[in-house]
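When the count follows this note's numbering, it moves up by one through the first sequence with no breaks and lands on 705 for the last residue.
Built from N, CA and C at the ideal position, the CB exists for glycine as well.
A quick write-up on the structure given underneath.
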Amino acid sequence: MLRTRLLLQTEREAPAEAEIVSHRLLLRAGMIRKVAAGVYTFMPLGMRVLDKVMAIVRREMDAAGAQEMLMPALQPADLWQRSGRWDQYGKEMMRLTDRHDREFALGPTHEELVTSLVGAQVSSYRQLPLNVYQIQGKFRDEIRPRFGLMRAREFFMKDAYSFDIDEEGLAKSYDAMYEAYSKIFTACGLDFRPVQASTGMMGGASSHEFHVLADTGEEEIAFCDTCDYAANTEVATYSRPQAENEEALGLEEVSTPGKQKVEEVSAFLGVDPGRLIKTLIYQTEDGPKAVLVPGNREANAEKLLSVLGEGPTLMDPEDIEKQTGIPFGFAGPIGLKIPVIADSAVAEMVNAVTGANKNDYHYTGVNPGRDFKVDETVDLQTVKEGDRCPECEGTISIRRGIETGHLFKLGTKYSEALGATFNSESGQIKPMIMGSYGIGVGRMIAAAVEQYNDDRGILWPASIAPFQVTILPLVKEGDDLWVTAHELHDTLEERGVEVLIDDRKESAGIKFADADLIGVPVQVIMGKKAAENGEAELKVRSTGERMNVSLSSLADDIIRMLDESS
RNA sequence: CGGGAUGUGGCGCAGCUUGGUUAGCGCGCUAGUCUGGGGGACUAGAGGCCGGAGGUUCAAAUCCUCUCAUCCCGACCA
140 MLRTRLLLQT EREAPAEAEI VSHRLLLRAG MIRKVAAGVY TFMPLGMRVL DKVMAIVRRE
200 MDAAGAQEML MPALQPADLW QRSGRWDQYG KEMMRLTDRH DREFALGPTH EELVTSLVGA
260 QVSSYRQLPL NVYQIQGKFR DEIRPRFGLM RAREFFMKDA YSFDIDEEGL AKSYDAMYEA
320 YSKIFTACGL DFRPVQASTG MMGGASSHEF HVLADTGEEE IAFCDTCDYA ANTEVATYSR
380 PQAENEEALG LEEVSTPGKQ KVEEVSAFLG VDPGRLIKTL IYQTEDGPKA VLVPGNREAN
440 AEKLLSVLGE GPTLMDPEDI EKQTGIPFGF AGPIGLKIPV IADSAVAEMV NAVTGANKND
500 YHYTGVNPGR DFKVDETVDL QTVKEGDRCP ECEGTISIRR GIETGHLFKL GTKYSEALGA
560 TFNSESGQIK PMIMGSYGIG VGRMIAAAVE QYNDDRGILW PASIAPFQVT ILPLVKEGDD
620 LWVTAHELHD TLEERGVEVL IDDRKESAGI KFADADLIGV PVQVIMGKKA AENGEAELKV
680 RSTGERMNVS LSSLADDIIR MLDESS
């Protein structure tokens, strides 16, 4: 490809709106251009990367026995009403009405459509298992699209759906996808971690996310330094130290004037924050409820959802006083009239400290069960760096990750709602057991740039680079070396190498800067000095390594080098 | 949805407080000359209804009102 024919405008400065490095570099390198918030065009150079990633995804999905198909983005409301998600999905779903006032959605995902489709196509256990997938634009009206491709409103997703006759089959399909995902992420050259995850609104039994590790990731993942345990902090657990065998003391009311916060109370009474019980009052659909967690822990929002139902919100101080009569900062479970939900660690506490529901007073010597009733005990805590691993007692580390892939065991939620049933071997009608598996293709590209960049630009992993080689002739058009460079370009292209030659009449500095910016892994620098010795220079973008190679064997040497590195 | 901020050639910005000829600068773009190993130099150009609408005024990029868009933080989110 001739650089002068390529629709590519690099920028010296990134648009002010781009904050994170992947967004800045993808814009500066002319890979993407913004159309609206969270809506991007892939320019030819970016398209080449997208194609590379999609090819890897297809290769591994096909190898895992999945079949590619393509469903429409435009989907009738009826399907979504049958699964209940027309109402459930909320504003995140892009909706529209046609000229006959029929309602449609632009698909944020395709469980409904694929389930209905497979249900109609498959009627016998003999046709199962089945795994179908597609790569397609998805639409989600995100509350806050951001970071370029990282959280877009229209984005490419590979979504796959498995259909099995029983749980055992689902386990196999799921494992096959887990393996395929590991291969895909590895092939894309990414540093990633599969982690246990929440099933969220997808429903279903179990779930894993594939995270690309990066400090700019929007998610936190916890993993063990000794065993394989890894989980999204939304669902991560940890091993609690055994409660000390302490003798229960009597309940005592103490004056704590003006001490509202955990740190204040803990410092004032000279008690470890972990011995305090934090009482959080949440507004739920069934009225206010009290949630108890240890003073040194946060309540886990994701875990709360499963206990408190849809959208619990922390009540503000005024509402708490108005609705429950409890003074803010001195709330405690003793004598509370509203339901009390305790974290399991709180339930085990001995001689704890809590608010006394009275201004400027706390209780010490509080013992759950004896001094107050707990309506429900659940695990509500957020894991912290340095906690003990729940599986092997190793040390938990917390890192940020970019959620790039997600696996769900769905079970029969959708097959029952949409009538995807089959005739079993014994002649019974049964719902298919489903799994669904997504990969954010654009997000994968952004994640790759987050992981591979330096102050000059992108360092694409070879497998997803837009070109394998770029040739930089540093002489005038018409010069012998200019001609040689073009001959090399043609030879490489004929031999199947993806090569870009910078045939612009630009200074060496501009060509170097652009080549570094767009991140093509191998640069062939053809300047006068090396040519005098019958040589050209090869530069490896990722390492900065340079070597002189004879012009006569240049094409062969480049091809050998590419073969070796792949 | 709450908080904060920003819209001025393709990109980055100045001008706005205190209204006043022709709206500037850098990058990029066009043409030419020189240069030719890390965003080089010079010369000559092109490109803008200052996000939009309304208002105040003799006069609005600048003041007022409304509106649209965009970004950041939070809440939220497969």
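| Check | Outcome |
| --- | --- |
| Expected contact under 8 Å - CB spacing of Arg414 and Val492 to nearest Å | 6 Å |
| Boundaries (first-last residue) of the beta strand (DSSP E) holding Ala437 | Note that residue 437 is Glu in the sequence shown here, rather than Ala. Unbroken run through Glu437: none, as it is neither H nor E. |
| Whole-angstrom C-beta distance between Gly494 and Thr418, which should lie under 8 Å | 6 Å |
| Residues near Ala652 by beta carbon distance below 6 Å, same chain, minus five either side | none |
| Cβ pair Ala285, Glu231 closer than 8 Å | As written in the sequence, residue 285 is Arg, which differs from the Ala given in the question. Taking 8 Å as the Cβ cut-off, Arg285 and Glu231 do not qualify as a contacting pair. |
| Beta-carbon contacts of Gln422 that lie in its chain and below 6 Å, excluding the five residues immediately before and after | Thr452 and Met454 |
| Glu373 classed as buried or exposed, judged by whether at least 16 other C-beta atoms fall within 10 angstroms | buried |
| First through last residue of the alpha helix (DSSP H) which encompasses Ile195 | Pro183 to Ala202 |
| Reference Asp695; option with closest CA among Ser681, Gly683, Leu677 and Ile323 | Leu677 |
| In DSSP terms, what His249 is bridged to | His249 pairs with nothing; no bridge assigned. |
| At least three beta-carbon pairs within less than 8 Å, the stretch 386-399 to the stretch 570-581 | no |
| Spatial distance of Ala387 from Gly504 (CA atoms) | 7 Å |
| Spatial distance of Leu164 from Gly328 (CA atoms) | 18 Å |
| Candidates Ile304, Ser691, Ile323 and Val638: closest to Glu674 by CA position | Ser691 |
| Residue interval of the alpha helix (DSSP H) (run including Ser483) | Ser483 to Ala486 |
| Beta-carbon gap between Met182 and Ile274 smaller than 8 Å | no |
| Other residues of its chain near Gly596: CB distance less than 7 Å, five sequence neighbours each side excluded | Leu164, Ala168, Asp655, Leu656, Ile657 and Gly658 |
| Straight-line Cα distance separating Gln260 from Pro529 | 44 Å |
| Pro427 in three-state terms, based on DSSP | strand |
| Under the three-state DSSP convention, the category Gly581 falls into | helix |
| Inter-residue spacing [alpha-carbon to alpha-carbon] between Asp305 and Phe324 | 29 Å |
| Which listed residue (Thr236, Gly229, Pro268 and Pro211) has its alpha carbon closest to that of Leu252 | Pro211 |
| Close Cβ partners of Lys322 (< 6 Å) along its chain, the five nearest in sequence each way excluded | Glu199 |
| CB of Pro433 within 8 Å of CB of Ile416, strictly | yes |
| The alpha helix (DSSP H) enclosing Gly648, as first and last residue numbers | Ala647 to Ile657 |
| Beta-carbon proximity of Glu357 to Ile541, cut-off 8 Å | yes |
| Per-residue burial, Cys363 [other beta carbons within 10 Å of its own, 16 or more giving buried] | buried |
| Unbroken alpha helix (DSSP H) run spanning Glu703, endpoints | Leu693 to Ser704 |
| Neighbourhood of Ala120 by C-beta, 6 Å cutoff - its chain only, sequence neighbours within 5 removed | The chain is shown only over 140 to 705; residue 120 falls outside these bounds and no answer can be derived. |
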